[in-house]
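In the UniProt record's numbering, the protein residues as written are 1 to 89. Written out below as structure tokens is the structure these notes cover.
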Amino acid sequence: MTDRPPIPPLAEARWLWRRLYVFLASFALWRLLATAVDRTEPSQLPRVAAGLMGLLALTLVLYLVAPTAQQLVALLANLRLRLAEGGGR
């Protein structure tokens, strides 16, 4: 076993900033949707609302996928270290 220092967690592991970003972006998109509903002609409302809801969905998907991607990278790095230390056993 080698005496390597532990790898510090990536910034994505800190949930506070990601949560803050997602909550603020979600609130901004919600306000934008409310303003768009007030100002848009009735015939255009479905198209405008669908676009804004798509942006909100993208934000939420990124919020959920980021921790999973980081965990997969850490898992692969750990696996590579174990294979290198074991000599291919």
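C-beta atoms are modelled at their ideal positions from N, C-alpha and C, and glycine is treated no differently.
Excluding the five sequence neighbours on either side, which residues of its own chain have a C-beta within less than 8 angstroms of the C-beta of residue i, listed in chain order?
| i | result |
| --- | --- |
| S26 | L56, T59 and L60 |
| L29 | L52, L55, L56 and T59 |
Among the options, which has the Cα closest to the Cα of residue i?
| i | options | result |
| --- | --- | --- |
| Y63 | V22, R39, A74 and R47 | V22 |
| W15 | P6, V65 and S43 | V65 |
Mind checking whether residue i and residue j have CB atoms under 9 angstroms apart?
| i | j | result |
| --- | --- | --- |
| A36 | L52 | yes |
| A49 | L33 | yes |
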